Amino acid sequence: MLSIAKRGYMNILDFQNKKNNQEKISMITCYDYTSACMLAKTSVDCLLVGDTVAMTIHGFKDTVAATIDMMALHTAAVSRGAGNKFIVGDLPFLSYRKSFSSSIAAAQVLMQAGANAIKLEGAAGNLKIIRHLTESGVPVMGHLGLTPQSIHLLGGFKVQGKTNESAQRLQEAALALQAAGCFALVLECVPSQLAEKITKALVIPTIGIGAGPATDGQVLVYQDLLGLQTEFKPKFLKVYVEGAKHFSNGIESFVNEVKNGEFPQDEHCYKS
Ligand code: KIV
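Going by the numbering used here, the first residue of the sequence shown is number 1, and it counts up by one from there.
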């Protein structure tokens, strides 16, 4: 059996090493086998099978629609395509809030589907389960700031921690997640200055999305950074490729060549 290091994993320990060495961590969401195969050949550190799969792949309006079955299916597909990457699986809405044993069962499903760690949102009410999971060998990534599973409570996709009081609460929550055993923390949509303060206060690395440049790493949604969707363009997003344009150019070329008989050519045909 190949050791974890030989397979080229970013090991769990590398998250801390990277923070200690001031090397930034890159994370990209991934939901399917084809994309995972492509990402496996890149130098990205870590893949997140985020519950944003409910939106990007299944077309729901928010992540509340994600289920453990959905997350397990996509985690398994990503793991088959990118077994050389460190894969974080998102525990979906309420899957870690019903009972202690059902929370453990949900984490077990994702780990056995191929995740190397799980991520869950928020601190209040989660510390006991995080402690138990980490003591049971399951690495847990925290997630604070804009926690999309609480969208109905937050009143929309809004930047969090803008007042002194809410910034203080977020800082305390970050320290509590670290004390409970989280190995890293996603900070989503918080002012850059607050993200910097939290990043400096924590020993564990922070990975930001809409949290400015001072976090120990950055994460973006695959479809967003590749320009595969053109409707959602938040301030924090940088689009690296005009993916949707390339996609439709390719499709239109195929359709035109079929119509005018240019495809298939000899090279695409079997000989008897
Ligand atoms: O579900 C997700 O994709 C996430 C990222 C946006 C951090 O949690």
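Just so you know, even glycine gets a beta-carbon here, dropped at the ideal spot from N, CA and C. Computed from a predicted model, the values in this text were never measured in an experiment.
- Assignment of alpha helix (DSSP H) within the segment 12-72, counting only whole runs of 4 or more residues, yields 12-20, 33-40, 53-56 in chain order.
- Contact between residue 47 and residue 39 holds: their C-beta atoms lie close to 6 Å from each other, under 8 Å.
- Closest in C-alpha terms to residue 179, from the list 112, 168, 216, 141, comes 141.
- Relative to the ligand KIV, the nearest heavy atom lies less than 8 Å away from the CB of residue 50.
- Under the 10 Å beta carbon count, residue 69 is surrounded by fewer than 16 other beta carbons and is classified as exposed.
- Short note on residue 219: C-beta closer than 8 Å to some heavy atom of the ligand KIV.
- Assignment of residue 141 by DSSP, reduced to helix, strand and coil, places it in the strand class.
- Rounded to whole angstroms, the separation of the alpha carbons of residue 215 and residue 163 is 20 Å.
- The segment 25-33 and the segment 93-108 do not touch, with fewer than three beta-carbon pairs separated by less than 8 Å.
- By the neighbour-count definition (other C-beta atoms within 10 Å, threshold 16), residue 266 is an exposed residue.
- Remark: C-beta atoms of residue 118 and residue 91 approach each other more closely than 9 Å.
- Distance between residue 190 and residue 159, taken at the CA atoms: about 5 Å.
- Distance between residue 223 and residue 272, taken at the CA atoms: about 43 Å.
- Of all alpha-carbon atoms in 257, 217, 72, 131, the one lying nearest the alpha-carbon of residue 19 is that of 217.
- For residue 216, there is no enclosing alpha helix (DSSP H), as DSSP marks it with neither H nor E.
- The shortest CA-to-CA distance from residue 12 to any of 203, 169, 248, 139 is the one to 139.
- Residue 35 counts as buried, since no fewer than 16 other beta carbons sit within 10 angstroms of its beta carbon.
- By the neighbour-count criterion, in which a residue is buried when 16 or more other Cβ atoms sit within 10 angstroms of its Cβ, residue 143 is buried.
- Taking a contact as a CB-CB distance under 8 Å, the pair residue 184 and residue 207 counts as one, their CB atoms being some 6 Å apart.
- In its chain, beyond the 5 residues on either side, 174, 175, 178, 185 have a beta carbon closer than 8 Å to the beta carbon of residue 202.
- Look at the beta carbons and you see the segment 70-89 not touching the segment 127-134: under three pairs across the two are nearer than 8 Å.
- Look at residue 203 here: in three-state DSSP terms it is coil, with no helix or strand label.
- By the beta-carbon neighbour count (other beta carbons within 10 angstroms, threshold 16), residue 105 is exposed.
- Relative to the ligand KIV, the nearest heavy atom lies less than 8 Å away from the CB of residue 186.
- In the displayed model, residue 119 falls within a strand according to three-state DSSP.
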